[in-house]
Amino acid sequence: MAKPKKQITAAPRDAGEALGQLEQPTMNWKVIGLLGVALAVVWVIGGILMPTIGYVGLIVAGVLTAVALGFLIWIWRLTRKSADIAAILKSATDKEGRAAALEQLRARQAPGGKDALNAIAQAQLVAQEHPAEAIKILEAIDLKKAPALVHDDVRANLAMFYLMTGRARDARELADEIRLDRQPQAKAKAMYAAVVAEAFARTGKAEDARKLLETYDPDDKEFGQVAGMLLRAQVYTYMATKKRGRAKQAMEQLLEVDPNMVAAFVQRGTRPELSRLAKQVLAGAGALPKQKMRVRTR
Numbered sequence: 000m001a002k003p004k005k006q007i008t009a010a011p012r013d014a015g016e017a018l019g020q021l022e023q024p025t026m027n028w029k030v031i032g033l034l035g036v037a038l039a040v041v042w043v044i045g046g047i048l049m050p051t052i053g054y055v056g057l058i059v060a061g062v063l064t065a066v067a068l069g070f071l072i073w074i075w076r077l078t079r080k081s082a083d084i085a086a087i088l089k090s091a092t093d094k095e096g097r098a099a100a101l102e103q104l105r106a107r108q109a110p111g112g113k114d115a116l117n118a119i120a121q122a123q124l125v126a127q128e129h130p131a132e133a134i135k136i137l138e139a140i141d142l143k144k145a146p147a148l149v150h151d152d153v154r155a156n157l158a159m160f161y162l163m164t165g166r167a168r169d170a171r172e173l174a175d176e177i178r179l180d181r182q183p184q185a186k187a188k189a190m191y192a193a194v195v196a197e198a199f200a201r202t203g204k205a206e207d208a209r210k211l212l213e214t215y216d217p218d219d220k221e222f223g224q225v226a227g228m229l230l231r232a233q234v235y236t237y238m239a240t241k242k243r244g245r246a247k248q249a250m251e252q253l254l255e256v257d258p259n260m261v262a263a264f265v266q267r268g269t270r271p272e273l274s275r276l277a278k279q280v281l282a283g284a285g286a287l288p289k290q291k292m293r294v295r296t297r
């Protein structure tokens with residue numbers, strides 16, 4: 000019996016499924032608990048040393064407590080904003096939903112490029128149909144005015160869109176500044192790794208890309224939709240390191256995760272060896288691409 004053909008559109012998978020599975024940001028109560036314990040120790044030490052240094056120890060403890068509380072309030076507000084944006088994105092499961100979500104996000108956008116989280120969300124929505132517009136949105140963010148905690152989010156998303164549109168050198172400049180150790184969430188860290196590895200592989204640092212990807216398993220359920228990005232990065236990395244068999248294996252896995260990401264390799268502007276490999280994989284699966292949008296992958 001012949002295998003049924005996979006339906007290919009040569010465009011990224013609709014964001015509806017991925018956005019519908021977004022995780023709600025939460026406070027890290029374990030870290031908060033440890034901070035509370037540390038402050039309690041400082042207060043105890045200040046009390047013990049009071050006969051020797053007077054109220055100095057308690058004053059220091061009070062100042063540190065005030066600073067910690069201010070930081071926690073700031074983190075709480077940022078988390079609440081992230082949760083609100085995630086809730087808006089979860090409703091963007093179709094074209095109408097994306098339009099409604101964009102309208103809500105634009106209504107909440109702060110002037111002056113300060114609301115980086117909002118801009119990232121808008122870029123993710125418009126990228127489905129207009130990658131160039133998504134790039135403009137992220138390029139307009141002033142990182143000097145944005146919270147330091149989201150700097151790498153901006154860089155990773157912008158680099159991802161650069162890679163989608165064939166601007167590997169621009170993506171590499173951003174990838175060099177991304178630090179994975181600053182991201183505590185596993186899925187977001189895997190997304191960073193995929194973007195950094197692909198940028199490295201496409202700009203002469205394939206061995207560094209290989210070492211990075213070895214620490215991330217695309218089959219890990221915790222990574223969810225990021226699996227496709229990791230596999231795509233593997234394809235570029237293995238081709239750059241002359242391991243065509245591994246690249247073919249990665250592309251076959253990618254076909255199961257998202258056939259459209261494989262179909263993108265067939266389009267004009269792709270390196271001949273990648274295009275040939277993609278055609279071979281698609282032919283083996285009985286899949287024929289029907290192009291709807293151009294995504295440069297050079």
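Heads up: the sequence shown at position 221 corresponds to 220 in numbering that gives the first Met the number 0, and the numbers run straight through without jumps.
Glycine included, each C-beta is placed from N, C-alpha and C at the ideal position.
Predicted, not measured: the structure shown is a model, and the values here were computed from it.
Compute the Euclidean distance between the alpha carbons of Pro146 and Val225, then round it to the nearest angstrom. For the purposes of this step, residue 146 is taken as residue 147 along the sequence shown, with counting starting at 1. For the purposes of this step, residue 225 is taken as residue 226 along the sequence shown, with counting starting at 1. Taking the straight line joining both Cα atoms gives about 24 Å.
For Arg231, does the count of other Cβ atoms within 10 angstroms reach 16, so buried, or fall short, so exposed? In the sequence shown, counting from the first residue as 1, residue 231 sits at position 232. By the 10 Å Cβ count, Arg231 comes out buried.
Could you pull the start and end residues of the alpha helix (DSSP H) that Ala147 belongs to? As a working mapping, residue 147 is identified with position 148 in the sequence shown. Segment: none, Ala147 is in no alpha helix (DSSP H) and carries neither H nor E.
Best match in Ile84, Glu128 and Ala200 for proximity to Glu95 [C-alpha to C-alpha]: In the sequence shown, counting from the first residue as 1, residue 95 sits at position 96. Of the candidates Ile84, Glu128 and Ala200, the one whose C-alpha sits nearest the C-alpha of Glu95 is Glu128.
Would the region 180-189 and the region 162-169 be scored as touching if the rule is three or more Cβ pairs under 8 Å? no
Could you check what DSSP says for Thr236 in three-state terms: helix, strand or coil? Here residue 236 corresponds to residue number 237 of the sequence shown, with the count starting at 1. Helix, per DSSP.
Taking only the alpha-carbon atoms, compute the straight-line gap between Arg243 and Tyr237 and give it to the nearest angstrom. On the sequence shown, position 244 is the one that residue 243 refers to. On the sequence shown, position 238 is the one that residue 237 refers to. Answer to the nearest angstrom: the Cα atoms are 6 Å apart.
From this set, Val153, Tyr161, Ala170 and Ala198, which residue's C-alpha is nearest Gln182's C-alpha? Your numbering for residue 182 matches position 183 in the sequence shown. With distances taken between Cα atoms, Gln182 lies closest to Val153.
Where does Ala1 land, buried or exposed, given buried means 16+ other C-beta within 10 angstroms? In the sequence shown, residue 1 corresponds to position 2, counting from 1. With a pLDDT of only 47 at Ala1, under the threshold of 50, the placement of this residue in the model should not be trusted, and no figure is reported.
Express the C-alpha separation of Ala198 and Leu253 in angstroms, rounding to a whole number. On the sequence shown, position 254 is the one that residue 253 refers to. On the sequence shown, position 199 is the one that residue 198 refers to. Their Cα atoms are separated by approximately 18 Å.
How big is the Cα-Cα spacing for Glu221 and Met190? Taking the first residue of the sequence shown as 1, we reach residue 221 at position 222. Taking the first residue of the sequence shown as 1, we reach residue 190 at position 191. Rounded to the nearest angstrom, the two C-alpha atoms are 12 Å apart.
Run through DSSP, which three-state label would Ile52 get? Start at 1 with the first residue of the sequence shown, and residue 52 comes out as number 53. Helix.
Whether Ala60 touches Val41 by CB criterion (9 Å): As a first step, residue 60 must be located in the sequence shown, where it is residue number 61. As a first step, residue 41 must be located in the sequence shown, where it is residue number 42. Yes; because the gap between Cβ atoms is below 9 Å, this pair is in contact.
Continuous alpha helix (DSSP H) assignments of at least 4 residues falling wholly in the region 164-199: 167-174
CB of Leu104 within 9 Å of CB of Ala120, strictly: To locate residue 104, count along the sequence shown from 1; it is residue 105. To locate residue 120, count along the sequence shown from 1; it is residue 121. Contact: yes.
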